[in-house]
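Protein chains in written order, with our numbering: chain A, -7 to 170; chain B, -7 to 170. Just below is one structure, and these are the notes that go with it.
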DNA sequence: TAACCCATGTAACCTGTTACATGATTAA
DNA sequence: TTAATCATGTAACAGGTTACATGGGTTA
């Protein structure tokens, strides 16, 4: 997949400008897909050339014009086709594990520092996810279908960070023992 | 990070040809970093131009010549520098979560099928990791330092797949309930 | 005789990142 | 007056994927 599918996914829920999409990719959607505004503007232009999105210019007073994008039926079809087409789980690309793989080239203290640093970041993210959960998903049983799906993505984040945190603790303990 | 650091990491453990490196990236190292042979040959040439690796041509009878690469002191220095430089945890790029995010655009059965398919792949990988563990790491307490580090990368894989499997089960259950 | 293994590469393309650029309004 | 927010982009580059190419040796 590429960013185009993520853009279609975002626009399937809500019309937006490139600027707003960039914000989404910095917030909610950004927890599982990152994109810079440059990439977003470029891909929106491409999607529009393919007829999958279209925009309407919204003038504003005292502010720059906004280009409000919406998904077209063609774009929705492509989104549905993509969702239904089976894909492999995203390949893992984990620099930290590569560092451990060659970890005998450095002092153990170097690995410990890097592990501690990453552990802290995972702990931060976990706290953030927990805050989101208690603020927006306090009562999961009462959620509508679409909200329940979002809740599931949040659970994926929570479970991932918990597991990562536990692994960092294991690695710190093991390397300290040596 | 890019592939170059992973190549240095591999060569820090063992001299190898491009072909052998491609095999490593299809096996052990490949569990946390993927690379195609095209990319490997290209990056080896770049690393050699930078003086971080060097090769020796090994003629063979009845087979093509091999270029055996080894890491240079300069390359080892760069590897050590890279390992010691703090990095953010790899950003999550998860197409499946993007699919759920826009999951209200398709029938629930479509999501269930995709989740079941991914669940099966995670179960496969988990089994594979467990097989590696019982074959090569039956007695973790007796491992030398470098082996212990490899064992930690294996634990990361095991924990990741277990957690992913549990999440797929949660998602299947939740979507079935609707 | 067909397919696979060994072993190397080139070229085109797609995707993602970084740097640069504009220009008005608003809050500290 | 400095920085941040709103809102759009271009250009160059780095990294990753796919397709194409060669050619002998081995196994089914």
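Yeah, the Cβ is synthetic: ideal placement off N, Cα and C, and Gly gets one too.
- Ranked by how close their Cα comes to the Cα of residue 73 of chain B, the residues B/169, B/159, B/167, B/-7 have B/-7 in first place.
- The alpha helix (DSSP H) runs lying completely inside the stretch 69 to 128 of chain A and spanning 4 residues or more are 87 to 93, 100 to 128, given in chain order.
- For residue 57 of chain B, the three-state secondary structure derived from DSSP is coil.
- Annotation for residue 151 of chain A: the continuous alpha helix (DSSP H) segment containing it runs 137 to 169.
- With a threshold of 8 angstroms between beta carbons, residue 65 of chain B makes no contact with chain A.
- In terms of CA proximity to residue 114 of chain B, B/158 leads the group B/158, B/80, B/35.
- By the neighbour-count criterion, in which 16 or more other beta carbons inside 10 Å mark a residue as buried, residue 160 of chain A falls on the buried side.
- Taking a cut-off of 8 angstroms on C-beta distances, the stretch 101 to 109 of chain B does not touch the stretch 127 to 139 of chain A, as fewer than three cross pairs fall below it.
- With respect to residue 75 of chain A, residue 97 of chain B sits close: the two C-beta atoms are nearer than 8 angstroms.
- If the five residues before and after residue 56 of chain B are omitted, its C-beta is found closer than 8 angstroms to no C-beta atom of its own chain.
- Between the stretch 137 to 153 of chain A and the stretch 33 to 52 of chain A there are fewer than three C-beta pairs closer than 8 angstroms, too few to call the two in contact.
- In the DSSP assignment, residue -3 of chain B falls outside any beta strand (DSSP E) and within the unbroken alpha helix (DSSP H) covering -5 to 5.
- Annotation: residue 23 of chain A is outside any alpha helix (DSSP H) and is labelled neither H nor E by DSSP.
- Scanning its chain for C-beta atoms nearer than 8 angstroms, with the 5 sequence neighbours on each side dropped, one finds no residue around residue 90 of chain B.
- Taking a beta-carbon distance threshold of 8 angstroms, residue 119 of chain B does not count as an interface residue toward chain A.
- Spatial neighbours of residue 11 of chain A in its own chain (CB-CB distance under 8 angstroms, excluding positions within 5 residues in sequence) are listed in chain order as 29, 58.
- Residue contact with chain A for residue 128 of chain B: absent (no Cβ-Cβ distance below 8 angstroms to any residue of chain A).
- Between residue 52 of chain B and residue -1 of chain B, the alpha-carbon positions lie close to 24 angstroms from each other.
- Distance from residue 162 of chain A to residue 127 of chain B at the Cβ level is roughly 21 angstroms; contact not present, criterion being Cβ atoms closer than 8 angstroms.
- Secondary structure at residue 15 of chain B: helix, using DSSP grouped into helix, strand and coil.
- For residue -3 of chain B, the closest Cβ of chain A is nearer than 8 angstroms.
- Between residue 23 of chain A and residue 84 of chain B, the beta carbon gap of about 7 angstroms places them in contact (Cβ cut-off 8 angstroms).
- Using a Cβ-Cβ cut-off of 8 angstroms, residue 168 of chain B does not count as an interface residue toward chain A, since no Cβ of chain A sits closer than that to its own.
- Taking a Cβ-Cβ cut-off of 7 angstroms, the neighbours of residue 137 of chain A in chain B comprise 96, 170, given in sequence order.
- Taking 8 angstroms as the cut-off, the Cβ atoms of residue 118 of chain A and residue 150 of chain A count as close.
- Going by beta carbons, residue 2 of chain A and residue -5 of chain A fall outside the 8 angstroms limit.
- By the criterion of a C-beta distance shorter than 6 angstroms, residue 129 of chain A is surrounded in its chain by 143, once the five residues flanking it on both sides are discounted.
- Apart from sequence neighbours up to five positions away, the residues of its chain that approach residue 64 of chain A with a beta-carbon distance below 7 angstroms are 43, 44, 45, 46, ordered along the chain.
- Residues of chain A with a Cβ closer than 9 angstroms to the Cβ of residue 34 of chain B do not exist; the shortest Cβ-Cβ separation is about 18 angstroms.
- At a cut-off of 8 angstroms, the C-beta of residue 106 of chain A has a neighbouring C-beta in chain B.
- Less than 8 angstroms separates the beta-carbon of residue 82 of chain B from that of residue 87 of chain A.
- Residue 30 of chain B sits in a helix when the DSSP states are folded into three classes.
- Scanning its chain for C-beta atoms nearer than 7 angstroms, with the 5 sequence neighbours on each side dropped, one finds around residue 156 of chain B the residues 114, in chain order.
- Interface residue (Cβ-Cβ distance to chain B less than 8 angstroms): residue 58 of chain A is not classified as such.
- Taking C-beta separations shorter than 8 angstroms and ignoring five residues to either side along the sequence, the partners of residue 170 of chain B in its chain run 100, following chain order.
- For residue 91 of chain A, the C-beta contacts it makes with chain B under 7 angstroms involve 75, in order along the chain.
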